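Undergrad:
In the UniProt record's numbering, the protein residues as written are 1 to 290.
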């Protein structure tokens, strides 16, 4: 049981975390702050938070657990805003989709108190954003990746593990570098492809006509193209190096298939498609897959 959650960012991710903690009986009081006062007010009206804080600093005053639910590009500025009230007793976590930049920011800003920071990435979300879509079940059954470093206090890591598990999440640990390499491939690159495909079609003279004929397969494939633009701008830029490596790998595969189509290499195409189908089938058989 925590006495007080200091929530910075009362949107979908932060709001869902607060609701989940409340429902599980893990916290007595939630003090929240968002950059937009109307968001903070709405969060209080919905019962997501109990008290509205006028600043990020005051949101963490008296807190024994703090969650930064802000865009990854805002992490360093947010840590600077709260560092004067950070203590070794606090457990501080984030929910960012990139980890190396977040961990580096915590080291720079928090210094000796960086041991209290446990970088987290809940692999959960929706295409919609905002506190109105906060959901106490958002993290239930989902993966949460923790990326502690050699400076992270082991007791804080265990508290973070127990907290997320109490919310019904499946917790894994890895290095920030391994995390960013993996998620460049399985999250950031798919989003980039979806964005690029929509841009490619819409920019063609007959793009609107093409889109009017699209069916369920196109809808499912491009679902993530409806994601928040600013959030994904920050994520793609934050993981630039790993993402560019994935772009190169994808380009090689695409060019190889283009050549097969150009030369009429049906056997080669069938082999690539069959291998892709088998790879996906094997992935679907993994734990937690539906």
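Heads up, the beta-carbon is just placed ideally off N, CA and C, and yes, glycines get one too. All values derive from a computational prediction rather than experimental measurement.
Taking the alpha carbon of residue 185 as the point to measure from, which residue in 27, 104, 285 and 240 has its own alpha carbon closest?
TA: Ranking 27, 104, 285 and 240 by Cα distance to residue 185 puts 240 first.
Undergrad: For residue 127 and residue 28, I'd like the C-alpha separation in whole angstroms.
TA: Rounded to the nearest angstrom, the two C-alpha atoms are 30 angstroms apart.
Undergrad: By Cβ distance below 6 angstroms, which residues in the same chain neighbour residue 210 in space, the five residues on each side in sequence not counted?
TA: Closer than 6 angstroms at the Cβ level, and outside the excluded window around residue 210, lie 201.
Undergrad: For the region 112-200, list the alpha helix (DSSP H) runs that are entirely contained and at least 4 residues long, ordered along the chain.
TA: Runs of the alpha helix (DSSP H) inside the region 112-200: 154-166 and 176-183.
Undergrad: Note down the Cα distance separating residue 82 from residue 56, rounded to an integer number of angstroms.
TA: Looking at the two C-alpha atoms, the distance is approximately 6 angstroms.
Undergrad: Indicate the three-state DSSP secondary structure (helix, strand or coil) for residue 28 in the structure shown.
TA: The answer is strand: DSSP assigns residue 28 an E or B state.
Undergrad: How about the region 135-146 and the region 14-31: do they share at least three Cβ pairs that are nearer than 8 angstroms?
TA: Cβ pair count under 8 angstroms is three or more, so yes.
Undergrad: Does DSSP classify residue 261 as helix, strand or coil?
TA: In the structure shown, residue 261 sits in a helix (DSSP, three-state: H, G or I).
Undergrad: Report yes or no: is there a C-beta of chain D within less than 9 angstroms of the C-beta of residue 185?
TA: Among the chains of the structure shown, chain D does not appear; only one protein chain is present.
Undergrad: Just the Cα atoms here: how many angstroms apart are residue 286 and residue 37?
TA: One C-alpha to the other measures close to 43 angstroms.
Undergrad: Return helix, strand or coil for residue 5, following the three-state DSSP convention.
TA: Residue 5 falls in the strand class under three-state DSSP.
Undergrad: Measuring CB to CB, does residue 25 end up less than 9 angstroms from residue 51?
TA: Taking 9 angstroms as the Cβ cut-off, residue 25 and residue 51 do not qualify as a contacting pair.
Undergrad: On the CB-based measure, 16 or more other CB atoms within 10 Å of its CB, does residue 248 come out buried or exposed?
TA: Counting Cβ neighbours within 10 Å, residue 248 comes out exposed, since fewer than 16 surround it.
Undergrad: I think residue 86 touches residue 10, with their Cβ atoms under 8 angstroms apart; what is that distance to the nearest whole Å?
TA: Not confirmed; about 20 angstroms, so no contact.
Undergrad: What does the alpha-carbon distance come out to for the pair residue 108 and residue 76?
TA: Distance between the alpha carbons of residue 108 and residue 76: 9 angstroms.
Undergrad: Determine whether the beta carbon atoms of residue 120 and residue 63 lie at a separation below 9 angstroms.
TA: No. Outside cutoff.
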